[in-house]
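Numbering (our numbering), first residue to last: 757 to 1036.
Listed below in structure tokens is the structure:
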């Protein structure tokens, strides 16, 4: 079979098993097997593939068709212009979270020198490392309750040459932290346990502790709101990604805790997704 024939067959197989963007997935998987960039496949449509090349592709296509995330199969994910390692140790970062990074940088304005930034629930480290890369004079720390996620974050720091600038450590939200930060950013688990059955099979491959925030979904977000004043410098920024339908309760909680400059921000699709506030 030629490259084009294999792509067509793999695409059809994925479509029948309800894989979104089936052709794109097939191209990524074949490029992975051949050690090519995806765009290079278009120059080799007529090349015949060997059995040694087809066998690993069949396995990858099978796993993708059963719902394993493409990022896990490729072992990487693009985020904020960089390539990060991605596997089952941490949640696959979503495109919306790139917007959170952009908004944090924009909100910091001209105060970009010597900022102390904390990423709570850092997972694979994409937020902390992206901020460190884009704010080279900042001091960045990432905390997470999962040792597995932290090991992945450290591998990503080494991969990007940022291991000497970003510290990762195990912590349950802000418990027992005495430092104060100019920015606390968080993309915490915000899905309600009752919504489990509505999630895609791909999302369910993420670690449960990275998905579910409790019975209502926003419990960890409210804990962070309660804890953050003790760890924010005067006028410090708390920036959070939240779930659908949680904006009103989060904004209300911030107001009750005497935060100021509270604002809800939509993602590019117009969905309320982020809440920013300052304290002190």
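The beta carbon of each residue, even a glycine, is placed where N, CA and C say it ideally should be.
Proximity of the region 975-984 to the region 883-900 falls short of the contact definition, fewer than three beta-carbon pairs being nearer than 8 Å.
Counting other Cβ atoms within 10 Å of its Cβ, residue 1001 stays below 16 and is therefore classed as exposed. Annotation: residue 786 to residue 845 spans about 24 Å, alpha carbon to alpha carbon.
In this structure, 971 is the residue among 971, 911, 1018 and 1012 with its C-alpha nearest to the C-alpha of residue 950.
For the pair of segments examined, the region 990-1000 was found to touch the region 1027-1034: the number of CB pairs separated by less than 8 Å reaches three. Using a 10 angstroms sphere on the CB of residue 1012, the tally of other CB atoms stays under 16, which defines it as exposed. Checking the DSSP bridge columns, you'll see residue 897 partnered with 874 and 923. Looking at the backbone, the Cα of residue 766 and that of residue 793 are separated by about 18 Å.
Beta-bridge partners of residue 835 (DSSP): 838. Judged by DSSP secondary structure, residue 861 falls within the alpha helix (DSSP H) whose first and last residues are 851-864.
Cβ-Cβ distances below 8 Å link residue 817 to 766, 769, 770, 782 and 785 in the same chain, with the five nearest sequence neighbours on each side left out; the list follows chain order. The residue from 957, 974 and 968 with its alpha-carbon nearest to that of residue 826 is 957. Taking a 10 Å sphere around the C-beta of residue 924, we find 16 or more other C-beta atoms and assign the residue as buried. Note that the C-beta distance between residue 836 and residue 854 is below 8 Å. DSSP places residue 969 in the strand class (E or B) of the three-state scheme.
Annotation: residue 771 is outside any beta strand (DSSP E); the continuous alpha helix (DSSP H) that includes it extends over 759-772.
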